[in-house]
Amino acid sequence: MIKLWGRTSSFNVQKVQWVLAELGLTEGKDYERIDAGLEYGINNTPEFLKINPNGLVPTIDHDGFVLWESSTVIRYLVAYFDPEGKIFTNDIKNKHSSQKWMDWHATTLWPILRHTFVGLTRTPEAKRNYELIRKSYEDSSKLLKMFEDALHGQDYCGGSKFHLGDMCLAVCVARWKLLAQDFPQHIGPKPDYPLIDAWMKRLLNNTKYPLVAETKLIIMAS
Ligand SMILES: N[C@@H](CCC(=O)N[C@@H](CS)C(=O)NCC(=O)O)C(=O)O
Numbered sequence: 045m046i047k048l049w050g051r052t053s054s055f056n057v058q059k060v061q062w063v064l065a066e067l068g069l070t071e072g073k074d075y076e077r078i079d080a081g082l083e084y085g086i087n088n089t090p091e092f093l094k095i096n097p098n099g100l101v102p103t104i105d106h107d108g109f110v111l112w113e114s115s116t117v118i119r120y121l122v123a124y125f126d127p128e129g130k131i132f133t134n135d136i137k138n139k140h141s142s143q144k145w146m147d148w149h150a151t152t153l154w155p156i157l158r159h160t161f162v163g164l165t166r167t168p169e170a171k172r173n174y175e176l177i178r179k180s181y182e183d184s185s186k187l188l189k190m191f192e193d194a195l196h197g198q199d200y201c202g203g204s205k206f207h208l209g210d211m212c213l214a215v216c217v218a219r220w221k222l223l224a225q226d227f228p229q230h231i232g233p234k235p236d237y238p239l240i241d242a243w244m245k246r247l248l249n250n251t252k253y254p255l256v257a258e259t260k261l262i263i264m265a266s
């Protein structure tokens, strides 16, 4: 049995939930999810810190094997539950090209976009640094142009089949879109990226992740 600690509004938790759903694993049946983080607490308790000393979500326990770091967690889940690549392709080039984008979202895109996201959704108005918020959004949009260009002639970030990079990028891109929609006065112009829009639609139409289906772009308000 898998236990997953994490609130559903966390973008790192959403990646794990999405991958579990694609693997055909259902919350309440195949895995248990415990709300943790922000308003739910738990992540700073001594018991939790014993399994994840970072005090962060997502964290999983799979039959006593504990793992944290969302990218590693989703790599593990795919390796364990889909070793033959029936759902997540084993094509070595497609898979690694996709994981290149997974690493890129974690090390390059999200650290920049995060300033806008945290600034506008988690920071009281009086404490917001609007210059940083605007600049980070502009820089994120420039970075996403690289992804827009990469989608020429291919359906998914790694090639013709989806893999982990698509899920990771999609949760970032969803926030990039949401921020423009909800705070246009603070972020400046948002460029149109038609290939990214089409890719998002493609993912949405094919997903088994109920949160995506319900909320369209896994846009959560927090
Ligand atoms: N590098 C970690 C980052 C994990 C992380 O920053 N998690 C956030 C939620 S997205 C968290 O636990 N924040 C504290 C909280 O929710 O209370 C990963 O990819 O799993």
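Going from the sequence shown to this note's numbering is simple: count from 1 and add 44. We put the beta carbon where it would ideally sit given N, CA and C, even for glycine.
- Taking the Cα positions, Leu-239 is about 12 Å away from Leu-247.
- Setting aside the 5 residues that flank it on each side, Phe-55 is surrounded in the same chain by Val-215, each with a C-beta closer than 6 Å to its C-beta; the list follows chain order.
- Secondary structure note for Phe-109: its beta strand (DSSP E) is the uninterrupted segment 109–112.
- Residue state for Thr-116 is assigned as helix, using DSSP reduced to three classes.
- Val-162 has its alpha-carbon roughly 10 Å from the corresponding atom of Pro-168.
- Non-local beta-carbon contacts of Thr-160 in its own chain, meaning distances under 6 Å to residues more than five positions away in sequence, involve Ile-177, Ser-180, Tyr-181, Leu-223 in chain order.
- Closest by C-alpha distance to Met-244, out of Ile-118, Leu-195, Gln-61, Gly-129, is Leu-195.
- In the DSSP assignment, Asp-135 forms no beta bridge with any residue.
- Rounded to the nearest whole angstrom, the C-alpha separation of Asp-241 and Pro-235 is 11 Å.
- At a cut-off of 7 Å, the beta-carbon of Gly-209 does not count as near ligand 1: no heavy atom of the ligand is closer than that.
- Residue side-chain check: Glu-113 places its Cβ nearer than 7 Å to a non-hydrogen atom of ligand 1.
- The residue from Glu-128, Met-190, Thr-103 with its alpha-carbon nearest to that of Lys-144 is Met-190.
- Pairing Pro-233 with Lys-221, the inter-Cα distance amounts to about 11 Å.
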